[in-house]
Every structure is written in C-alpha cells, then in structure tokens.
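Here is the structure we will look at, set down as structure tokens.
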Amino acid sequence: MQYGAFIIGFILGLLRFNDVYQGAAVGIFLVLVYRIIFKSSEQFVFREWALVLYSLNYLIAPAITYQLPEEQVTYGMLIPSDDYFSLALPGFLFFALGMFILPTKIFNIDYQKVGQSTIVNKDFLIKTTIFGLVLNLSSRFFPGELGFVAYLLSMVRFVGAFALLSIDRKLWYWSALVILLELASGFLKGMYHDAIMWVIFFGLFYIYAEKPSFRTKLIGIISAVTLVLFIQAVKVTYREQVWQGGKEANLSTVAEVGSSKASSDQLLGEDNILNTLNRGNQAWIFASTVNRMDQYKDFQGLNNVNKYLEAALLPRFLAPNKLTSGNKEIFNEFSGHTINEGTSMGLGIFADGYIAYGTWGVYIFGFVLGLIFSLTFKLVERWTKVSPFYVLLLLPLLNYAVRPDCELQTTINHLAKGVMLFGFLVYLTRKRFTLDSQENKRKLLHLNLMK
C-alpha cells in the first residue's frame, strides 16, 4: 500500500506540476501521510511526523510556490525549480536515511509496560506535572542559560501528564490541563510553535496508546488542520493589536480577534491559505541562501558549525564572545536578506549545509542531522531498558530540534543540554521506575490485590 501511495502521489504531482521532481515530492509526502494515518496505532510515528514537517517546508510548499503568480507569493524562490529540487529532494532523502539508518525498538514500546512502570508512581507523577507547570510559569524569571535549563526542565509536565494518561483514561484531565495551558500561553504571547507541536505530540501518543478508530483519527487530523488555519488567521491581527496597537495581551483580546476570524470564509479563504503556505515555506530561505552563495562563492566549511558548537556546549565564562540565542549575524551574512533581532527566522539545516560545502554540504548536513536524531533514539532506547516509562523523554528532547525552521545552533544547544539534563533525571529516578525492583514488585502486587 505504501508503494501504491507513492505511485498515486507521483502521478498526481506530475499531472499538477508537470515536473518529475515535484511529482516525487508529492509521492513522498503521501507515503508519510499514509503511514501516520494507518500505522500510528501500530507504532509511535515520531519519525514520520518529523519528515512530514520537513517535506511540507522543503518539498510541498516550494512546489506550490513555483506554480503561483508572482503577486501571490510573499517569499519568492530565487533559483529555478530544477536547481532547487536537485538540492532539496536528495537532501531530504539523506535526512530520512540518517533518521532510519540505525535500527531501534523505541517506536514499538509496549505501552502496557509503560503503564505498569508508572502506576506505582502515580502520586510522584502528579507532583512532577505540577512542578513542571509551576516551573514553566516562573522560568522567565531565571537569568540567561539558567532560564533555558528551567525551560527544558519544565517540560516534565508533559511527561508526567502523558504518563498519567497511560495509567488510566480517567486521568485524562492532566493531559488536557497542560495542553490547554500551552495553547492559552501561545495565544497570549502570539507565539504558537510550542503549542502546535505539543498538540500533535499528544495526538500521536494518544493514538498509539489508545488505538482509536479510523474515524477518530480523521476527526483529529481535521481538527489539527483547522487549528493551524485558525492560528494563522488570528496571529497577524492579534500581534498587530497587542505588539503595536497597545492592547493588552489577555484572553479577552484573543477571544475578540478569534471571533472575528472564526468563519469558514476567513479560515478557508485564499488569503489565509496562501499565508499559511508562505509561513510553511522554509525553502525560500534555502533558495535565497543558495542564490547568494553562488554569487559570492565564500563557502565556510565548518567555521559556522564551530561557532554553533561553541555557543551550545561552552558556558559564557569560557566563551564570552559566543553567539547568543536569536543572534541574526550568520543569517544576515549568508541568507541574502537582513532581518532585525525582533524577527524570528533561521537558516535551517540545508542552508547551513550549502554555506559550508555547497551541494555536497546539503546532502552531508541532511544525513548527519538525521543520524544525530537516530543516535538520540538509541540513547532513549537505552533508558527504556531501565524502564519503558523513559520513552516519553523523547518528546522534550526533540520537540524543538525536529522543526525545519530551527536554527542549527538551537538544535545543538537543545539536544546537548537536554541529553545531560534528562540523563541526570533518569539516573536520579531509575530505582523508582524499574519494574524489577523489589519495591515496585511489592507495590504492583498490592495494587493487583486491591482490584
């Protein structure tokens, strides 16, 4: 069936775009969507979701953009279609190869065992969830790099809440609470990436753990697409009113703007769909970078990567001049565009690769990033040998890193600090969640007798 999905997608893409590259792009995307819909009850489709994000940004959005009239395109593609896809399509495939090259059982964890290893720690998980919620509310008060560590640690609220759901469906309200608070925070701040990612992660986790019907999955997909379109319709107006218009960032303003945008004409209108497409087109930055690098030929080798590693791994007292979070110096120098510190844009892995070594850099960097994710999967797999519960740590470890618009510096920083922090938490809690421990055997026996 997967081959069938690819063939159907390829033919549809070929008919629509009249291009073999773009036909292949549609075929790949359709295979990934097929796997998420039909395989998500059999395994946790984390890799497929990451690849869907990359294919939307680097394959589907640019394929559509190349077909649009110039006046409908906010961010134009500065290189010809054939030149772009001869880079992006192999780069994407190398990224996928790196992600799948190391075999892992982590996406087929038995969630019954997750429930067994968490049920004996129900009270601890409730406290963990509350701790994460409190820390999330207060993390902005922590200075500098300590604030980032607090942000990472606060994500244990999702681990705790999802684990509680795996114990008992009656504990669903903890997951609902953390997701609703994340959505509320996103709407208030006018920054929605975290909220959308965690809604999707919860949906994927729920499907694998609870095995809902196809109808329920379909309703979930439609709801997720509607949420994204609604956010896209709301965010520009909300940001204008709050960031520039002097209105307060509160739920009343969110409701006011949301109610004005909640009609089907607004959500499904051409303007909103085109804006959503433009927002999901990380490819224009890649194409612009290629165009700029081909003009100046100032390829950097590993110079920028060394700066990213320095920023991510060294404390500031050892590297006082290291790049700061959100620094736009490298973006402005190599992307062909200039943005200010208040604008959030990142080069992305393929642009960083081209800046380093040209065409081969795209392929190498794509593969290496996928391999880094594979190594992360293997690390979490080792943690699950202590307890299946620790599979849930995969989500806070990679929730930011899998985003196509994520700066390589941030990806490295997030992963490096996340591995150290969550590895330390595994060490601290390993006896609590090990099913083979005498303490947990006694607790499980007691709970079974109480039933």
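The numbering used here runs 870 ahead of the 1-based position in the sequence shown.
Every residue, glycine too, gets a C-beta built ideally from N, C-alpha and C.
In its own chain, which residues sit with a C-beta less than 6 Å from the C-beta of residue i, not counting the 5 before and 5 after it?
i: Gly874; result: none
i: Gly1240; result: Phe965, Gly968, Met969
i: Leu923; result: Pro1274
i: Met1025; result: Pro1266
i: Asn1006; result: Ser1024
i: Phe1075; result: Phe1032
i: Ala920; result: Val1272
i: Ala895; result: Leu929, Ala933
Could you give the first and the last residue of the continuous alpha helix (DSSP H) run that contains residue i?
i: Ile906; result: 890-908
i: Met947; result: Premise fails: Met947 is in no alpha helix (DSSP H) and is neither H nor E.
i: Thr974; result: It is not in any alpha helix (DSSP H) - Thr974 carries neither H nor E in the DSSP assignment.
i: Gln1165; result: 1153-1166
i: Gln1170; result: Per DSSP, Gln1170 belongs to no alpha helix (DSSP H) and is neither H nor E.
i: Gly1030; result: 1026-1037
i: Pro932; result: 931-937
i: Ser1045; result: 1042-1059
i: Ala1271; result: Segment: none, Ala1271 is in no alpha helix (DSSP H) and carries neither H nor E.
i: Thr1254; result: 1229-1256
i: Met1067; result: 1063-1080
i: Asn1202; result: 1199-1204
Are residue i and residue j touching if we call contact CB-CB under 8 Å?
i: Gly968; j: Thr998; result: no
i: Trp1253; j: Val1296; result: yes
i: Ser911; j: Lys1081; result: yes
i: Lys1087; j: Ile1101; result: no
i: Ala1033; j: Phe1259; result: yes
i: Leu1051; j: Leu1097; result: no
i: Ile1225; j: Phe1169; result: yes
i: Val1261; j: Ile906; result: no
i: Lys1177; j: Leu1184; result: no
If I measure Cβ to Cβ from residue i and keep anything under 8 Å in the same chain, skipping five residues before and after, which residues do I get?
i: Ile971; result: Gly1240, Leu1241, Ser1244
i: Tyr904; result: Met871, Gln872, Ala875
i: Phe1323; result: No answer is possible for residue 1323: the residues shown for the chain start at 871 and end at 1321.
i: Val1250; result: Ile976, Tyr1260, Val1261, Leu1263, Leu1264, Leu1267
i: Trp1044; result: Ile996, Thr999, Gly1030, Ala1031, Leu1034, Leu1035
Which class does residue i belong to by DSSP, given the choice of helix, strand or coil?
i: Ile878; result: helix
i: Leu1193; result: coil
i: Val915; result: coil
i: Asn1310; result: Reliability fails at Asn1310, whose pLDDT of 49 lies under 50, so the model's placement of it is uncertain and the value that follows must be treated cautiously. Of the three classes helix, strand and coil, the one that applies to Asn1310 here is helix, per DSSP.
i: Lys1301; result: helix
i: Asp1222; result: helix
i: Leu1005; result: helix
i: Arg853; result: Because residue 853 is not part of the residues shown, which for the chain are 871 to 1321, the question remains open.
i: Thr838; result: An answer regarding residue 838 cannot be provided, because it is not within the stretch 871 to 1321 covered by the chain.
i: Leu1319; result: Because Leu1319 carries a pLDDT of 42, less than 50, the predicted location of this residue cannot be relied on, and no value is offered for it.
i: Lys1087; result: helix
i: Pro960; result: helix
i: Thr1208; result: coil
i: Met871; result: coil
i: Gly883; result: helix
i: Leu1291; result: helix
With a threshold of 7 Å on Cβ separation, who are the neighbours of residue i within its own chain once the five nearest residues in sequence on each side are excluded?
i: Phe1028; result: Val1048, Trp1068, Leu1265, Pro1266
i: Phe887; result: Gly893, Ala933, Gln937
i: Asn991; result: Arg1302, Phe1303
i: Trp1042; result: Leu1035
i: Asn1151; result: Asn927, Ala931, Pro932, Thr935, Tyr945
i: Val1019; result: Lys1287, Leu1291
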